Amino acid sequence: MKKSLDKMTFAVLIGNRGFFPSYLVGDAKRDAARIFDELGINTVMLTEEQTNYGGIETYQDAKIAAQMLKQHRDEIAGIVILLPNFGDEKALSQAIRLSGLNVPVLVQAEDDNLDKMGLATRRDSFCGKISLCNNLRQFDIPFTLTTQHTCALTSDIFKQDLLSFVSVCRVVKALRGCRVGAIGARPADFNTVRYSEKLLERLGISVETIDLSEIFAGVNRLRDNDLRIAEKLELLKANADASAIPEEKLHIMAKLFVVISNWIIENGIDTTAIQCWTSLQDTLGINVCSIMSVMSGQLMPSACEVDVMGALSMYALSIASMKPASIADWNNNFGEERDKCVMFHCGNYATEELDNPFMSTADIIGTTVGCENTCGAINGRMKAGPLTYFRLSTDDFSGKVKAYVGEGKFVDDELETVGCRAVIQVKGLEELLAYICNNGFEHHVAMNHSSSAKVLHEVFTKYLAVDCYYHK
Numbered sequence: 161m162k163k164s165l166d167k168m169t170f171a172v173l174i175g176n177r178g179f180f181p182s183y184l185v186g187d188a189k190r191d192a193a194r195i196f197d198e199l200g201i202n203t204v205m206l207t208e209e210q211t212n213y214g215g216i217e218t219y220q221d222a223k224i225a226a227q228m229l230k231q232h233r234d235e236i237a238g239i240v241i242l243l244p245n246f247g248d249e250k251a252l253s254q255a256i257r258l259s260g261l262n263v264p265v266l267v268q269a270e271d272d273n274l275d276k277m278g279l280a281t282r283r284d285s286f287c288g289k290i291s292l293c294n295n296l297r298q299f300d301i302p303f304t305l306t307t308q309h310t311c312a313l314t315s316d317i318f319k320q321d322l323l324s325f326v327s328v329c330r331v332v333k334a335l336r337g338c339r340v341g342a343i344g345a346r347p348a349d350f351n352t353v354r355y356s357e358k359l360l361e362r363l364g365i366s367v368e369t370i371d372l373s374e375i376f377a378g379v380n381r382l383r384d385n386d387l388r389i390a391e392k393l394e395l396l397k398a399n400a401d402a403s404a405i406p407e408e409k410l411h412i413m414a415k416l417f418v419v420i421s422n423w424i425i426e427n428g429i430d431t432t433a434i435q436c437w438t439s440l441q442d443t444l445g446i447n448v449c450s451i452m453s454v455m456s457g458q459l460m461p462s463a464c465e466v467d468v469m470g471a472l473s474m475y476a477l478s479i480a481s482m483k484p485a486s487i488a489d490w491n492n493n494f495g496e497e498r499d500k501c502v503m504f505h506c507g508n509y510a511t512e513e514l515d516n517p518f519m520s521t522a523d524i525i526g527t528t529v530g531c532e533n534t535c536g537a538i539n540g541r542m543k544a545g546p547l548t549y550f551r552l553s554t555d556d557f558s559g560k561v562k563a564y565v566g567e568g569k570f571v572d573d574e575l576e577t578v579g580c581r582a583v584i585q586v587k588g589l590e591e592l593l594a595y596i597c598n599n600g601f602e603h604h605v606a607m608n609h610s611s612s613a614k615v616l617h618e619v620f621t622k623y624l625a626v627d628c629y630y631h632k
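So the sequence shown is residues 161 to 632, counted in my numbering.
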């Protein structure tokens with residue numbers, strides 16, 4: 161996931177139109193350099209030596225800007241267009257087309273001041289933005305709008321828009337070229353997690369597979385005194401209270417963690433989906449939940465039951481929010497409160513999101529494999545707070561990837577049960593559940609403590625061409 165955590169670099173293109181005040185371009189350039197630097201964003205901009213004030217107005221300017229974009233294409237994660245005056249919509253669109261760059265684009269237009277409407281000071285960016293967006297659409301260049309149609313470059317609302325755009329670019333950058341690790345075969349009884357690798361490949365997402373037998377062989381080859389085992393053991397114990405778990409079980413978990421980590425590193429894996437039952441319990445006598453919890457907490461999410469699309473959902477949500485994401489079942493109604501439900505999984509949630517997490521056995525699956533063979537499940541309840549939920553799925557019948565996203569809240573209503581659990585509240589929950597059922601989505605969903613629905617909807621609908629239902 162390192163590629164998505166790098167400091168962002170944006171190309172800043174500033175529009176100009178000659179019969180409006182050109183000095184405003186210079187002002188915008190100076191303000192942008194300062195503001196982007198304050199927010200920790202690297203910038204690539206034209207200089208005043210290259211074009212008039214460093215703006216873009218003519219076809220020649222567009223060619224110069226395109227060359228700049230080509231020169232820095234490996235660095236640039238997004239393009240921000242600034243309109244300090246009306247701007248030249250054609251030249252800006254041509255610059256992006258000529259560069260061949262395919263990254264998100266944010267369009268900002270500057271406010272006019274009512275006391276500065278004379279010829280020497282008026283901007284008309286309000287109108288210019290509409291013209292620019294019309295041209296971008298003609299050129300088939302997707303773009304993101306600011307919250308307000310026009311806003312001051314130095315305003316707080318633009319800074320918030322810019323930070324939101326950073327999240328958009330981070331997700332797009334991470335998903336293009338993403339590598340998912342599928343560890344083990346899909347559980348035989350879980351047709352629900354079937355997916356299409358070919359549809360994912362169209363999005364630039366690859367799936368790398370490994371059989372559990374290879375993982376088990378790696379565990380058996382590992383010497384008990386290997387220093388990496390002690391390192392992983394420390395991570396597992398730091399993740400949750402493991403005092404109730406026998407030391408020999410923790411040692412096996414740590415060995416398994418070493419083998420999985422090595423495979424992830426060797427294959428450049430960003431997120432994993434693991435066959436978590438029942439081969440692991442029958443062969444090693446443990447659950448993999450705690451290992452998955454640690455990785456999810458490190459923003460390298462891991463999904464249960466070889467749910468590759470669930471892993472991708474967690475990954476996108478983690479990157480959008482820069483917070484751990486967990487995967488859960490839409491599991492139980494919450495009495496007669498139809499806007500609430502219980503979310504549950506045996507025990508793989510990221511512990512940062514839980515109250516008083518501890519390691520235990522997975523008693524539900526333990527009824528078939530023996531509780532003594534399920535050591536490693538995390539027990540804990542999601543903290544109260546904001547909720548974003550997100551799910552990706554492949555639809556072979558339509559040949560498309562689809563998604564849904566929305567927000568709600570984790571609540572602290574009383575709930576007595578085991579495992580990793582949460583009570584959530586979502587407006588229009590019955591309608592959402594009907595949408596999930598009618599459209600053939602899986603029973604798993606990614607969730608975390610964030611407000612990331614808008615970012616994810618923007619990413620998938622505009623930049624990845626995925627139909628995404630936004631539940632509001």
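Beta carbons: idealized from backbone N, C-alpha and C, even for Gly.
As the structure is a prediction and not an experimental result, all values here were calculated from the model.
Residue i, DSSP secondary structure in three states
i: Met277; result: coil
i: Asn202; result: strand
i: Trp490; result: strand
i: Arg282; result: coil
i: Thr511; result: helix
i: Asp442; result: helix
i: Asp555; result: strand
i: Gln227; result: helix
i: Phe299; result: coil
i: Cys338; result: coil
i: Ala398; result: helix
i: Glu217; result: coil
Exposure label - residue i; buried when at least 16 CB within 10 Å
i: Ala400; result: buried
i: Phe557; result: exposed
i: Glu590; result: exposed
i: Lys415; result: buried
i: Glu198; result: exposed
i: Leu323; result: exposed
i: Pro406; result: exposed
i: Asn380; result: exposed
i: Tyr183; result: exposed
i: Asn385; result: exposed
i: Met469; result: buried
i: Thr314; result: exposed
i: Ala362; result: Contrary to the premise, residue 362 reads as Arg rather than Ala in this sequence. The residue in question, Arg362, is exposed, as its Cβ has fewer than 16 Cβ neighbours within 10 Å.
i: Leu440; result: buried
i: Ile174; result: buried
i: Lys162; result: Confidence at Lys162 is low in this model, with a pLDDT of 47, below 50, so its placement is unreliable and the value that follows should be read with caution. It is exposed - the Cβ of Lys162 has fewer than 16 other Cβ atoms within 10 Å.
Pick from the options that is closest to residue i, judged by C-alpha positions
i: Leu261; options: Ala171, Ala390, Val586 and Ile524; result: Ala171
i: Phe286; options: Cys449, Asp166 and Thr306; result: Thr306
i: Ala582; options: Lys614, Lys500, Tyr630 and Gly600; result: Lys500
i: Glu576; options: Arg541, Glu497 and Cys329; result: Arg541
i: Gly344; options: Glu567, Gln435, Lys562 and Asn273; result: Gln435
i: Ser553; options: Pro546, Gly566 and Gly600; result: Gly600
i: Phe325; options: Gln268, Asn422 and Asn493; result: Gln268
i: Ser403; options: Leu477, Met519 and Arg498; result: Met519
i: Thr352; options: Glu602, Leu274, Leu266 and Ile425; result: Glu602
i: Phe303; options: Tyr355, Ala193, Ile256 and Glu270; result: Ile256
i: Ile201; options: Val502, Met228, Val240 and Ala488; result: Val240
i: Lys587; options: Val263, Cys449 and Glu497; result: Glu497
i: Phe504; options: Cys580, Tyr564 and Phe570; result: Cys580
Which residues DSSP lists as bridging residue i, in chain order
i: Tyr183; result: According to DSSP, which records beta bridges pairwise, Tyr183 is partnered with nothing at all.
i: Asp271; result: According to DSSP, Asp271 bridges with nothing at all.
i: Arg541; result: Asp515 and Arg581
i: Lys560; result: Asp555
i: Asn608; result: Thr548
Proximity test, Cβ basis, 8 Å: residue i and chain D
i: Phe494; result: Although the question refers to chain D, the structure presented lacks it and comprises just one protein chain.
Proximity test, residue i beta-carbon vs the ligand FMN heavy atom, cut-off 7 Å
i: Trp490; result: Inclusion of the ligand FMN in the displayed structure is not the case, the ligand content being empty and no account of it being possible.
Kindly confirm or deny that the region 602–619 and the region 463–474 touch, where touching means at least three C-beta pairs closer than 8 Å. Yes: the two stretches touch, three or more of their Cβ pairs being nearer than 8 Å.
Should the region 499–517 be called in touch with the region 448–457, which here means at least 3 C-beta pairs below 8 Å? Below 8 Å, enough C-beta pairs join the region 499–517 and the region 448–457 to call them touching: three or more.
Is the region 395–409 touching the region 421–440, taking contact as three or more C-beta pairs under 8 Å? These segments do not touch.
Given 8 Å as the limit, is there contact between the region 181–190 and the region 224–232, that is, 3 or more CB pairs closer than that? Verdict: no, contact absent.
I'd like to know if the region 528–536 and the region 592–599 are in contact, where contact means that at least 3 CB-CB pairs between them fall below 8 Å. Note that the region 528–536 does not touch the region 592–599; fewer than 3 beta-carbon pairs, one per stretch, sit closer than 8 Å.
Within the chosen definition, does the region 330–346 reach the region 356–368 through at least 3 CB pairs nearer than 8 Å? A contact exists between the region 330–346 and the region 356–368.
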